[in-house]
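Just so we're aligned: 457 in the working numbering is position 75 of the sequence shown, and the numbers increase by one with no gaps anywhere. Below is one structure, written out as structure tokens; the observations come after it.
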Amino acid sequence: FFDKELSLLRFKIDDDGDDVNMEVLLSRMQSSSDAEFRAKCLKVLNDGLGGSVSRTAALSLSAVSGGWLIENKERKYTTHRSQRNLDNNCPDKVVDSLLDGVREAGIPLCKRFYSLKKGILQKTQGLQKLNWSDRNAPIDIGGVSNDKISWESAVSMVEKGYHKFSPKMSELFKSMVDEKRIDVPATNGKKGGAYCAGVVPGVGPYQLLNFDGTKQDVATLAHESGHGCHDILAYEQGYLQYHPPLTLAETASIFGEMIVFRDLLAQSSSKEEELTLLMSKIDDVVNSVVRQCSFDRFEELVHSAREKGELSADELDEYWMSALREYYGKEGDAGGDSPFDSYEDTSHLWSYVPHFHHVPFYVYSYAFADLVVGTLYNNFLTNKEGFEGRLIDLLAAGGTKDFADALAPFGLDPTSPSFWIDALNAHLGELVNEAEKIAKELGYVE
């Protein structure tokens, strides 16, 4: 019922405009270079999610968390997350270590990034205050090449990028191209986005793309092809065990995308383009790591409170704002240390996140993917000898190894908070350092 109610929602941005669904509203807000328009979109969204919608969402979430609570008690799970951790083949102490590491190192890096973004937007868009509606605002500073990249050039870039860390995976990628396992062009009537379907061993993999020659399209090809390579390597484990746990499922895809991203960055036509690419990449990483862990914190507050009884929409609003301030800081207008001056029109945003209802405590998996790749990429740069063999073994194991065992050959211990702190500094920290350096060179920040 909650899903149906959410799908039926329509929003009116302008009095004389057409009603739009939530996806269109979010897209228009995030793509606009007009701060006032972004703020208006966020208000329309938050107001639309209030009232009966948030009450319905509260009823659904109360039912889900209540069922989760009963299951935990009957099966004697240790923590609220233990049931999900078991599904992810990941020990509790590893997940706890991840969350501790993000709180210690991820939150300060997140604040540094948004302080940098605030400074750039003040110079380029005349921004007065950084509001939550500006979080995903585009960086439009010119100097970006709009030249299209041909399919042949994209294939060459990905093949060469893969070859840097794994000639074997480069061969597998080329075989997918040669065997025409990739549906490439953006055509009318085709499903949007991109994905890779492993199907079953001996049949897959197949990719669907909507390739239009942008740099993002090249990165997407590298990402989805990583999934394809992972599938092919793991097929030897058989139908029941070839699919990796969620904590490792994005390893090959994001690793390949990172290598190709670095190549695209090196080919930038100007410092402005380099900064634009970096800021967009950091946006993605912060959203995958810090934001998803803030979602996990919200769930922790919700499930803890559910032990005392039913949950109201007002209570959930409070837990949402509490988690927001824990991870992004107390708003600047209230004397806090957050780069965001205001969290106005954010109180009901919890009510449109479907994961809370369908897969409790799933969200931390997104943080795993980015940070594991950050660690492996740093491992690749500092210890290239034998790296390919270790990576191939990890991918070929499919779902037969848990997270800690899979990383042991790399000399990595994910049960230690220092593992995640090092991963954050090597991955997100290095990206922020590069962006700050270029922004200073261009005069956007001091």
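C-beta atoms are modelled at their ideal positions from N, C-alpha and C, and glycine is treated no differently.
Just the Cα atoms here: how many angstroms apart are residue i and residue j?
{"i": "Pro799", "j": "Leu603", "result": "33 Å"}
{"i": "Asp482", "j": "Arg679", "result": "11 Å"}
{"i": "Ala817", "j": "Leu763", "result": "20 Å"}
{"i": "Ser724", "j": "Arg563", "result": "48 Å"}
{"i": "Gly433", "j": "Thr460", "result": "36 Å"}
{"i": "Val435", "j": "Leu388", "result": "8 Å"}
{"i": "Ala778", "j": "Ala445", "result": "39 Å"}
{"i": "Met539", "j": "Gly399", "result": "43 Å"}
{"i": "Val585", "j": "Asp429", "result": "48 Å"}
{"i": "Asn528", "j": "Ala808", "result": "30 Å"}
{"i": "Lys783", "j": "Ile523", "result": "46 Å"}
{"i": "Leu659", "j": "Leu451", "result": "43 Å"}
{"i": "Leu498", "j": "Gly488", "result": "15 Å"}
{"i": "Pro473", "j": "Ser479", "result": "10 Å"}
{"i": "Asn454", "j": "Ser650", "result": "51 Å"}
{"i": "Val402", "j": "Glu708", "result": "32 Å"}
{"i": "Gly448", "j": "Ser415", "result": "42 Å"}
{"i": "Ser413", "j": "Glu405", "result": "12 Å"}
Looking only at C-alpha atoms, which of the options sits nearest to residue i?
{"i": "Gly811", "options": "Gly711, Tyr588, Val672", "result": "Val672"}
{"i": "Tyr701", "options": "Ile523, Phe677, Glu689", "result": "Phe677"}
{"i": "His739", "options": "Val684, Gly488, Leu776", "result": "Val684"}
{"i": "Gly571", "options": "Pro742, Glu823, Asn592", "result": "Asn592"}
{"i": "Leu773", "options": "Met551, His737, Tyr710", "result": "Met551"}
{"i": "Lys822", "options": "Glu654, Thr438, Gly448", "result": "Glu654"}
{"i": "Tyr849", "options": "Glu632, Pro549, Tyr496", "result": "Only positions 383 to 828 of the chain appear in the structure, and residue 849 is not among them; the question remains open."}
{"i": "Gly608", "options": "Ser479, Glu692, Val559", "result": "Val559"}
{"i": "Leu693", "options": "Ser415, Thr438, Tyr709", "result": "Thr438"}
{"i": "Asp354", "options": "Val735, Tyr544, Gly691", "result": "The requested residue 354 does not occur in the structure, where the chain is confined to residues 383 to 828."}
{"i": "Arg410", "options": "Asp469, Ala519, Gln504", "result": "Ala519"}
{"i": "Ala421", "options": "Tyr496, Ser447, Leu509", "result": "Leu509"}
{"i": "Asp397", "options": "Gly691, Cys423, Ser497", "result": "Cys423"}
{"i": "Asp665", "options": "Ala579, Asp752, Val600", "result": "Asp752"}
{"i": "Leu443", "options": "Asp795, Val566, Glu681", "result": "Glu681"}
{"i": "Val477", "options": "Tyr746, Val582, Asn760", "result": "Tyr746"}
{"i": "Val600", "options": "Pro567, Glu618, Pro583", "result": "Pro567"}
{"i": "Val735", "options": "Leu698, Leu824, Arg707", "result": "Leu698"}
{"i": "Asp565", "options": "Val582, Asp594, Glu553", "result": "Asp594"}
{"i": "Trp514", "options": "Leu706, Ser651, Glu618, Glu453", "result": "Leu706"}
{"i": "Asp795", "options": "Lys766, Asn761, Gln598", "result": "Asn761"}
{"i": "His737", "options": "Gly711, Arg466, Phe643", "result": "Arg466"}
Taking 9 Å as the threshold (C-beta atoms), are residue j and residue i in contact?
{"i": "Pro626", "j": "Gly781", "result": "yes"}
{"i": "Glu606", "j": "Gln589", "result": "yes"}
{"i": "Gly756", "j": "Ala805", "result": "yes"}
{"i": "Lys379", "j": "Thr596", "result": "Nothing about residue 379 can be reported from this structure: the residues present for the chain run from 383 to 828 only."}
{"i": "Ser733", "j": "Ala687", "result": "no"}
{"i": "Val827", "j": "Ile502", "result": "yes"}
{"i": "Gln507", "j": "Ala417", "result": "yes"}
{"i": "Lys425", "j": "Asp787", "result": "no"}
{"i": "Leu441", "j": "Phe393", "result": "no"}
{"i": "Lys493", "j": "Asp516", "result": "no"}
{"i": "Glu534", "j": "Phe555", "result": "no"}
{"i": "Phe792", "j": "Leu758", "result": "yes"}
{"i": "Ile820", "j": "Glu713", "result": "no"}
{"i": "Phe419", "j": "Phe769", "result": "no"}
{"i": "Leu731", "j": "Leu431", "result": "yes"}
{"i": "Val484", "j": "Cys675", "result": "yes"}
{"i": "Leu776", "j": "Leu628", "result": "no"}
{"i": "Arg463", "j": "Phe785", "result": "no"}
{"i": "Leu408", "j": "Val668", "result": "no"}
{"i": "Tyr496", "j": "Ser670", "result": "no"}
{"i": "Gly825", "j": "Lys505", "result": "yes"}
{"i": "Pro583", "j": "Gly620", "result": "yes"}
{"i": "Glu456", "j": "Ile803", "result": "no"}
Please classify residue i as buried or exposed, where buried requires at least 16 other C-beta atoms within 10 Å of its C-beta.
{"i": "Lys475", "result": "exposed"}
{"i": "Tyr748", "result": "buried"}
{"i": "Gln623", "result": "exposed"}
{"i": "Ala716", "result": "exposed"}
{"i": "Ser729", "result": "buried"}
{"i": "Gly638", "result": "buried"}
{"i": "Lys663", "result": "buried"}
{"i": "Leu468", "result": "exposed"}
{"i": "Asn470", "result": "buried"}
{"i": "Ser532", "result": "exposed"}
{"i": "Val754", "result": "buried"}
{"i": "Ser704", "result": "exposed"}
Please report whether the beta-carbon of residue i lies at a distance below 9 Å from any beta-carbon of chain D.
{"i": "Leu408", "result": "Judged by its chain identifiers, the structure shown contains no chain D, having just a single protein chain."}
### Task
Quick one: which unbroken beta strand (DSSP E) runs of 3-plus residues sit fully inside the region 614-655? Chain order, please.
Annotation: the region 614-655 contains no complete segment of the beta strand (DSSP E) (minimum length 3 residues).
### Message
Please give the ranges of any alpha helix (DSSP H) in the region 709-781, keeping only runs that are unbroken, at least 4 residues long and fully inside the region.
### Response
Runs of the alpha helix (DSSP H) inside the region 709-781: 737-740, 746-764, 769-778.
### Uninterrupted beta strand (DSSP E) stretches inside the region 430-512 (no shorter than 3 residues)
For the region 430-512, not one full-length beta strand (DSSP E) segment reaches 3 residues or more.
### alpha helix (DSSP H) segments (min. 4 residues) lying fully within the region 528-556
Correct list: 533-547.
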